[in-house]
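Colleague: Let me begin by handing over the structure; questions about it come next.
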């Protein structure tokens with residue numbers, strides 16, 4: 029009976045929280061309300077997952093990227109000040125994106141990978157180079173920093189045509205599935221290929237894109 033009452037109280041509490049604006053929920057968190065914190069984290073988890081799926085890092089696990097996104101969400105909740113910022117959602121997106129990109133750049137530096145790059149299929153991100161796209165770079169710019177490899181969603185159809193010219197059918201399939209959030213194991217099962225074959229294909233994609241951009245720069 030006590031468990032039923034507790035469950036009912038929790039449901040009523042969630043219904044109350046659901047009626048509040050995000051900014052009001054954050055204010056409750058700042059006042060020490062742990063229920064509001066749990067509610068916000070649960071509410072934004074799918075949003076964080078969606079943002080995380082927009083990034084591609086060869087050799088990284090998608091759950092690692094999700095975890096970084098959740099850290100970014102927590103920082104957004106902790107640091108949000110309504111009097112200075114109009115929308116918590118916009119601030120949360122900024123913090124989540126920055127946290128993911130910072131983690132990717134850190135991993136790249138630690139692994140010393142020549143071209144271990146990430147791809148964003150989302151709209152331009154809040155970063156110092158967010159106005160640059162992979163299309164812009166392939167059109168003639170040289171990538172001095174491989175961490176800049178960013179694709180804008182609006183240009184993805186254009187990029188698909190470019191990739192079709194330089195990638196094999198297998199490489200295109202593997203890249204598409206990886207960008208869709210599948211793991212090496214899931215891709216290998218779907219394509220009936222060994223996991224090592226999948227890894228090799230992604231490495232070839234990386235090298236081909238690098239060479240293609242170098243060639244483009246010679247004609248710029």
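In my numbering, the protein residues as written are 29 to 248.
We put the CB at the ideal spot given by N, CA and C, even for glycine.
Source: prediction; values computed, not measured.
Using CA atoms only, rank isn't needed, just tell me which of 200, 114 and 97 is closest to residue 232.
Modeller: Checked all of 200, 114 and 97; the closest Cα to residue 232 is 200.
Colleague: So is residue 192 buried or exposed if we call it buried at 16+ other beta carbons inside 10 Å?
Modeller: It is exposed - the Cβ of residue 192 has fewer than 16 other Cβ atoms within 10 Å.
Colleague: From this set, 45, 229, 216 and 112, which residue's C-alpha is nearest residue 196's C-alpha?
Modeller: If we check each option's Cα against that of residue 196, 229 comes out closest.
Colleague: Please report the distance separating the alpha-carbon of residue 45 from that of residue 53.
Modeller: Answer to the nearest angstrom: the Cα atoms are 7 Å apart.
Colleague: Going by C-alpha to C-alpha distance, which of 58, 71 and 76 sits closest to residue 47?
Modeller: Comparing Cα positions, the closest option is 71.
Colleague: Mind checking residue 68: buried by the 16 CB within 10 Å criterion, or exposed?
Modeller: Counting Cβ neighbours within 10 Å, residue 68 comes out buried, since at least 16 surround it.
Colleague: Please check the pair residue 123 and residue 103, which I expect to be a contact at CB under 8 Å, by giving their CB distance rounded to whole angstroms.
Modeller: So it is a contact: roughly 5 Å between Cβ atoms.
Colleague: Just grab the DSSP bridge partners of residue 72 for me.
Modeller: According to DSSP, which records beta bridges pairwise, residue 72 is partnered with nothing at all.
Colleague: Excluding the 5 residues preceding and the 5 following residue 98 in the sequence, name in chain order all residues of the same chain whose CB lies nearer than 7 Å to its CB.
Modeller: Correct list, in chain order: 76.
Colleague: Between residue 236 and the rest of its own chain, which residues show a CB-CB distance below 8 Å, the 5 nearest in sequence each way excluded?
Modeller: Contacts found: 194, 195 and 199.
Colleague: Hey, is residue 100's beta-carbon within less than 9 Å of any beta-carbon in chain D?
Modeller: Chain labels in this structure do not include chain D; a single protein chain is all it has.
Colleague: Measuring only the C-alpha atoms, how far is residue 129 from residue 203?
Modeller: Taking the straight line from one Cα to the other gives about 20 Å.
Colleague: Quick check: what's the CA-CA separation for residue 211 versus residue 218?
Modeller: C-alpha separation (whole angstroms): 11 Å.
Colleague: To which residues of the same chain is residue 120 closer than 7 Å at the C-beta, ignoring the five residues directly before and after it?
Modeller: Cβ neighbours of residue 120 beyond the five flanking positions: 72, 101 and 104.
Colleague: Do residue 116 and residue 51 have their C-beta atoms closer together than 9 Å?
Modeller: Yes, the pair counts as a contact, with Cβ atoms nearer than the cut-off.
Colleague: Pull up the distance between the alpha-carbon of residue 234 and that of residue 106, whole angstroms please.
Modeller: Roughly 37 Å separates the two Cα atoms.
Colleague: Looking only at C-alpha atoms, which of 57, 222 and 83 sits nearest to residue 127?
Modeller: Among 57, 222 and 83, the Cα nearest to that of residue 127 belongs to 83.
Colleague: To the nearest angstrom, how far is the alpha carbon of residue 131 from that of residue 74?
Modeller: Near 20 Å, if we compare the C-alpha coordinates of residue 74 and residue 131.
Colleague: Between the Cα of residue 134 and those of 216, 65 and 93, spot the shortest distance and give me the residue it belongs to.
Modeller: Closest by alpha carbon: 93.
Colleague: Just how far apart, CA to CA, sit residue 66 and residue 224?
Modeller: Their backbone Cα atoms lie some 40 Å apart in a straight line.
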